[in-house]
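Residue numbers are given in the working numbering: position 388 of the sequence shown equals residue 993, and the series is strictly consecutive. The beta carbon of each residue, even a glycine, is placed where N, CA and C say it ideally should be. All figures in this text were calculated on a predicted structure; none of them were measured in a lab. These notes are about the structure you will find just below.
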Amino acid sequence: MPNHPSDADPRRVLKTIFGFDRFRPLQEEIIQSILGGRDTLAIMPTGGGKSICFQIPALIFPRLTVVVSPLISLMKDQVDQLRGVGVPAVFLNSSLGPDAYRHTMAMIRSREARLLYIAPETLLKPSVLNILAEDPPDCLAIDEAHCISEWGHDFRPEYRRITEARERFPNAVCAGFTATATPRVRKDIKNSLGISGNAEFIGSFDRKNLFIRIAQRENALRQTLDFIARQPDSPGVIYCTTRQQVDDLCGALARNGHSVAPYHAGLNDGERTENQERFIRDDVRIVVATVAFGMGIDKPDIRFVLHLDLPKNIETYYQQIGRAGRDGLRSECLLLFSYGDIGKIKFFVRQKEGAERKVAFGHLDAMIDMAESDGCRREPLLAYFGEALSEPCGDMCDNCVSGNDAPVDLTVAAQKFLSCVKRSGEIFGAQHIIDVLRGSKSQKILQNQHDQLSTHGIGREHSSRQWFFLSRQFLRMGLMIQDERYGSLKLTEKAWRVFRAEEKVTGRLMAEKPERPPRPVPAAARGDLDFDAELFDRLRKLRKRLADDSGLPPYAVFPDRTLMEMSALYPVSDLALRGIHGVGEVKLVKYGPEFMTHIAAYCREKNIQPPDPPPESEYRPAPSPAAAFSSALSGSAASAIGGRHIQVGEAFNAGATIPELSARFGVLEKTIVAHLERYMAEPGVRLRVDGVREAAGLEPEREARIMAAFQTQGVELLKPVYEALGGREDYDTLRLGRLLFMNEVVSEPEFAGPRQ
Ligand code: ADP
Ligand code: ZN
606 MPNHPSDADP RRVLKTIFGF DRFRPLQEEI IQSILGGRDT LAIMPTGGGK
656 SICFQIPALI FPRLTVVVSP LISLMKDQVD QLRGVGVPAV FLNSSLGPDA
706 YRHTMAMIRS REARLLYIAP ETLLKPSVLN ILAEDPPDCL AIDEAHCISE
756 WGHDFRPEYR RITEARERFP NAVCAGFTAT ATPRVRKDIK NSLGISGNAE
806 FIGSFDRKNL FIRIAQRENA LRQTLDFIAR QPDSPGVIYC TTRQQVDDLC
856 GALARNGHSV APYHAGLNDG ERTENQERFI RDDVRIVVAT VAFGMGIDKP
906 DIRFVLHLDL PKNIETYYQQ IGRAGRDGLR SECLLLFSYG DIGKIKFFVR
956 QKEGAERKVA FGHLDAMIDM AESDGCRREP LLAYFGEALS EPCGDMCDNC
1006 VSGNDAPVDL TVAAQKFLSC VKRSGEIFGA QHIIDVLRGS KSQKILQNQH
1056 DQLSTHGIGR EHSSRQWFFL SRQFLRMGLM IQDERYGSLK LTEKAWRVFR
1106 AEEKVTGRLM AEKPERPPRP VPAAARGDLD FDAELFDRLR KLRKRLADDS
1156 GLPPYAVFPD RTLMEMSALY PVSDLALRGI HGVGEVKLVK YGPEFMTHIA
1206 AYCREKNIQP PDPPPESEYR PAPSPAAAFS SALSGSAASA IGGRHIQVGE
1256 AFNAGATIPE LSARFGVLEK TIVAHLERYM AEPGVRLRVD GVREAAGLEP
1306 EREARIMAAF QTQGVELLKP VYEALGGRED YDTLRLGRLL FMNEVVSEPE
1356 FAGPRQ
């Protein structure tokens, strides 16, 4: 096996293996830097596409790439996805049993594995270092590199020791990746890993595909229901502050017919893992969670994030909304807050001491400013990361899209409000002032004789909500100050200039009615692509079935974008399918036939003429220009490019039955079984056991007898088995029995991969 696919340039690997046409910003530069042997630090936001930056070099370097990663769940997820595109990757961490461990080691020793994902403490075990030293790696990639810094929020002492591995493998190029790094942390990473300044890449933190909306919370449940009704069928996360809120909201959403699961620290580990897993596999649509949720989640198609409370700082907010739309498709973020939240958070902040308290207040103020700002939401968000926005986003935040309700003259409203503050003695909070302005006769007003004030009832033209929103603006404009503890309002010097009409006040008047939700957007449709929603829906169901059959999350079969393009372009040939986003060579073979069958059937049903002619013979694999490259990648999936038996085997494993396959390929069932036998002979493949069992239709005792016969007689020839069983089983049954038997014998899975 050649180790160095010489024709492998990064762009080609991007297309043939991952099925993507273009690099995202900085990816190519980072890959070139690593391939050029320069130690590199890459800082890109979540969803920026960091993984590919070390995965592509790993496929081009002759020797192993070691990927240090702190989270076991993410390791497995990435390894599963890599195997899905035919890349032999393995992982080592404390969760592996002895067999899987041995197998992984064998894959490394045989140079079959291209990438090894590993936990830092595992990497530093002398036994592991020694094995790696036999054939030193070409690249050491450090994921979540900020964990190395004591100044970071995620400091992991074991990360410090990665430097020992660096010393051990001085020829391996080192590449650090992170989504969060303040300048101090960045410097720390570079110092610890010995990365020089000129191989540092910092991507923009602007997540352009996230629509950001911030609104006041009036009726949390109603607003939540409205919001999720606008994203039908799409996965999403709802963040609450307390477990109680999580449980309550979960109950309410379930009663309203939504598919939801809770996630918080009050659940036991098993329940949490299960709920997370169900979410990843699209078995449950919405997770309602406390901040505990999200660390180990790599699901790229989260379409919305809803906050029911104000996060305590912008960084937390950014991280949480950042979990949406990693796949680059439009996703919705809504933050609902009430001024009560602010009081609550302030109460907690006040319990802190000295500097810590000051910092916390600073963070909170920045968050509040962002919530109340009437400019582009991205401005404060990016400013927090030290990034300047060159111009408002224009159409991806609430303020930009509602920009047409231009600022209005609020001078009269301000004069009314401020004079009411003055006349009531500057000892009352906003709500009381508003009650006076609106002419309330409440007990508190009467007791204070505020119904006698000249300002009583002079503000009926605005609702309480509007006045409240105005009062916040007056505060921000510095016309008043508010007592931190009691909330009472006092005028400033500037207020007097407004009274004397020396200064005009302009700002926004909140629309009287809460904004009407726009009409629902079809499932996940908010891309730039015009596609057939019905076909998309069907392909999603197909994807879900294929994913369940192989124990993978649906996005590991194909991302949403792929299904959208299929639903827009109706590809029914290998050639056409290759042109679709996310379809690399291995997935073309693995899933192409199923998807094309569905698309072709749909086109017939709807009388749609697919843009290219159907292939003359059924799904004959086109001579694959990438086959040469792929065969340079070792492992079973790469060898899967080729023969009909592979297609049959893959389709069978994807859920098709033998009679179905016989119909689809127009051959006898016997022939299908023969294909399956050949398929089994491919290195490392297995068959869907339940499918074989179903086809054989054997009762347990009968199956056991047949298995025992193969055990004693071997599998090469059927005749001795036939005879050992006294001729009671026919050859067709024995064929299937042999498949079952072989499947058991080779049941040591090729990889310690997904569950069976
Ligand atoms: P990060 O680790 O930076 O959060 P990932 O590496 O998980 O991001 O990538 C996020 C998503 O973007 C993944 O689903 C990945 O397949 C996809 N992706 C990465 N690079 C590209 C690209 N060049 N074109 C299209 N999709 C890409
Ligand atoms: Zn904007």
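Q.
I want to check one thing, is the minimum distance from the CB of K655 to the heavy atoms of the ligand ADP below 8 Å?
A. Numbered from its first residue, the sequence shown carries residue 655 at position 50. For the ligand ADP, at least one heavy atom lies less than 8 Å from the Cβ of K655.
Q | Near the ligand ZN: M975 beta-carbon under 8 Å from a heavy atom | A | By 1-based counting over the sequence shown, the position of residue 975 is 370. Every heavy atom of the ligand ZN is 8 Å or more from the Cβ of M975, so no.
Q | Alpha carbon of A971 to alpha carbon of A694, nearest angstrom | A | Taking the sequence shown and counting its residues from 1, the one referred to as residue 971 is at position 366. Taking the sequence shown and counting its residues from 1, the one referred to as residue 694 is at position 89. Our two residues, A971 and A694, have alpha carbons roughly 43 Å apart in a direct line.
**Q.** Rounded Cβ spacing between V790 and S754 (contact assumed at less than 8 Å)
**A.** The residue given as residue 790 occupies position 185 in the sequence shown. The residue given as residue 754 occupies position 149 in the sequence shown. With 8 Å as the limit, V790 and S754 qualify as a contact, their Cβ atoms being about 4 Å apart.
Q.
I'd like the ranges of any beta strand (DSSP E) spanning at least 3 consecutive residues and lying wholly in the stretch 850-937.
A. Runs of the beta strand (DSSP E) inside the stretch 850-937: 865-868, 891-894, 909-912.
(Q) Please determine whether the Cβ atom of P630 lies at a distance below 8 Å from any heavy atom of the ligand ZN. (A) Along the sequence shown, read from residue 1 onward, the residue named residue 630 stands at position 25. No - the ligand ZN has no heavy atom lying nearer than 8 Å to the Cβ of P630.
Q: Leaving aside the five residues before and after K1118 along the sequence, list all residues of the same chain whose C-beta is less than 6 Å from its C-beta, in chain order.
A: The residue given as residue 1118 occupies position 513 in the sequence shown. Because K1118 sits at a pLDDT of 46, beneath the cut-off of 50, its placement in the model cannot be relied upon, and the point is left open.
Q: With distances taken Cα to Cα, identify the nearest neighbour of K1186 among L1075, P615, K620.
A: Stepping through the sequence shown from its first residue, residue 1186 is reached at position 581. Looking at the sequence provided, one finds His at residue 1186 rather than Lys. Closest option to H1186, Cα to Cα, is K620.
Q | Between the CA atoms of V1253 and Y989 - distance to the nearest angstrom | A | Numbered from its first residue, the sequence shown carries residue 989 at position 384. Numbered from its first residue, the sequence shown carries residue 1253 at position 648. So the alpha carbons of these two residues sit roughly 54 Å apart.
Q. Would G1365 be called buried (16 or more neighbouring beta carbons within 10 Å of its own) or exposed?
A. The chain is shown only over 606 to 1361; residue 1365 falls outside these bounds and no answer can be derived.
Q) Using a beta-carbon distance below 9 Å, is E1170 in contact with chain C? A) Absence of chain C from the displayed structure is noted, only one protein chain being present.
Q | Any non-hydrogen atom of the ligand ZN within 8 Å of I800 CB | A | In the sequence shown, residue 800 corresponds to position 195, counting from 1. It does not: the Cβ of I800 is nowhere closer than 8 Å to a heavy atom of the ligand ZN.
Q. For A820, which beta-bridge partners are listed by DSSP?
A. Position 215 of the sequence shown holds residue 820. DSSP, once it has assigned bridges, lists L941 as partnering A820.
Q: Just confirm the distance between the C-beta atoms of F884 and A897, as a whole number of angstroms; I'd bet it's less than 8 Å.
A: Your numbering for residue 884 matches position 279 in the sequence shown. Your numbering for residue 897 matches position 292 in the sequence shown. Taking C-beta atoms under 8 Å as the contact rule, F884 and A897 fail to qualify, at a distance of about 14 Å.
Q: Output the distance between the C-alpha atoms of Q1318 and K1149, rounded to the nearest integer angstrom.
A: Start at 1 with the first residue of the sequence shown, and residue 1318 comes out as number 713. Start at 1 with the first residue of the sequence shown, and residue 1149 comes out as number 544. So the two alpha carbons sit approximately 41 Å from each other.
Q) Taking buried to mean at least 16 other C-beta atoms within 10 Å of its own C-beta, is E1190 buried or exposed? A) Here residue 1190 refers to the residue found at position 585 of the sequence shown. By the 10 Å Cβ count, E1190 comes out buried.
Q. What do you reckon, are the CB atoms on R707 and L669 nearer than 9 Å?
A. As a first step, residue 707 is located in the sequence shown; it is residue number 102 there, counting from the start. As a first step, residue 669 is located in the sequence shown; it is residue number 64 there, counting from the start. Cβ distance not < 9 Å, so R707 and L669 don't count as in contact.
(Q) Closer than 8 Å to a non-hydrogen atom of the ligand ADP - does that hold for the CB of T651? (A) As a working mapping, residue 651 is identified with position 46 in the sequence shown. True, at least one ligand heavy atom lies under 8 Å from that Cβ.
Q | Best match in E1308, G689, V733, G691 for proximity to N698 [C-alpha to C-alpha] | A | Counting from one through the sequence shown, the residue named residue 698 turns up at place 93. For the residues E1308, G689, V733, G691, the minimum Cα distance to N698 belongs to V733.
Q | Secondary structure, alpha helix (DSSP H): runs of 4+ residues fully inside the stretch 1024-1093 | A | 1035-1042, 1048-1052, 1069-1081
Q. How long is the line joining the alpha carbons of K957 and F1033, rounded to whole angstroms?
A. Mapped onto the sequence shown, residue 957 falls at position 352. Mapped onto the sequence shown, residue 1033 falls at position 428. Cα-Cα distance, rounded: 27 Å.
Q) So what does DSSP say about A694, is it helix, strand or coil? A) Counted from its first residue, the sequence shown places residue 694 at position 89. DSSP, read as helix, strand or coil, puts A694 in strand.
Q) Helix, strand or coil for E805 per DSSP? A) Taking the sequence shown and counting its residues from 1, one reaches residue 805 at position 200. Three-state DSSP puts E805 in a strand.
Q: Provide the residue span of the beta strand (DSSP E) that contains T783, from first to last.
A: For this step, residue 783 is matched to residue 178 along the sequence shown. Residues 778-783.
Q) Whose CB is closer than 7 Å to a heavy atom of the ligand ZN? List the residues in chain order. A) Result (chain order): C981, R982, R983, P997, C998, G999, M1001, C1002, N1004, C1005.
**Q.** Extent of the continuous alpha helix (DSSP H) run through C1368
**A.** The structure shown does not extend to residue 1368, since the chain spans only 606 to 1361, so no value can be given for it.
Q. Comparing the CB of F990 with every heavy atom of the ligand ADP, is any distance shorter than 8 Å?
A. Here residue 990 refers to the residue found at position 385 when the sequence shown is read from its first residue. Flag unset: Cβ of F990 not near the ligand ADP.
Q: May I ask which residues mark the beginning and end of the alpha helix (DSSP H) holding I1311?
A: Here residue 1311 is taken as the residue at index 706 of the sequence shown, counted from 1. That run of the alpha helix (DSSP H) goes 1305-1318.
Q | Where C658 sits in the DSSP three-state scheme | A | The residue you call residue 658 lines up with position 53 of the sequence shown. If DSSP states are grouped into helix, strand and coil, C658 belongs with the helices.
Q. Straight-line CA distance for C779 to L987?
A. Stepping through the sequence shown from its first residue, residue 779 is reached at position 174. Stepping through the sequence shown from its first residue, residue 987 is reached at position 382. One alpha carbon belongs to C779, the other to L987, and they sit about 29 Å apart.
Q: State the start and end residues of the unbroken beta strand (DSSP E) segment that holds C744.
A: Residue mapping note: residue 744 aligns to position 139 of the sequence shown, counting from 1. Taken as a continuous stretch (DSSP letters only), the beta strand (DSSP E) holding C744 covers 744-747.
Q. I973 to I843, Cα distance in whole Å?
A. Reading the sequence shown from its first residue, position 368 is the one you call residue 973. Reading the sequence shown from its first residue, position 238 is the one you call residue 843. Near 20 Å, if we compare the C-alpha coordinates of I843 and I973.
Q: Find the nearest neighbour of V692 within the set K655, A663, D1137, Y1091, judged by alpha-carbon distance.
A: As a first step, residue 692 is located in the sequence shown; it is residue number 87 there, counting from the start. A663 is the residue among K655, A663, D1137, Y1091 whose C-alpha sits nearest the C-alpha of V692.
(Q) Pairs of beta-carbons, one from the stretch 637-650 and one from the stretch 767-785, closer than 8 Å: are there three or more? (A) yes
(Q) Is the separation between the beta-carbon of R983 and that of I817 shorter than 9 Å? (A) Taking the first residue of the sequence shown as 1, we reach residue 983 at position 378. Taking the first residue of the sequence shown as 1, we reach residue 817 at position 212. The answer is yes: Cβ separation under 9 Å.
Q: Pull up the CB-CB distance for L1168 and R1183, whole angstroms please, since I reckon it's below 8 Å.
A: On the sequence shown, residue 1168 is found 563 positions in, with the first residue counted as 1. On the sequence shown, residue 1183 is found 578 positions in, with the first residue counted as 1. The pair is not a contact, with the Cβ atoms about 16 Å apart (cut-off 8 Å).
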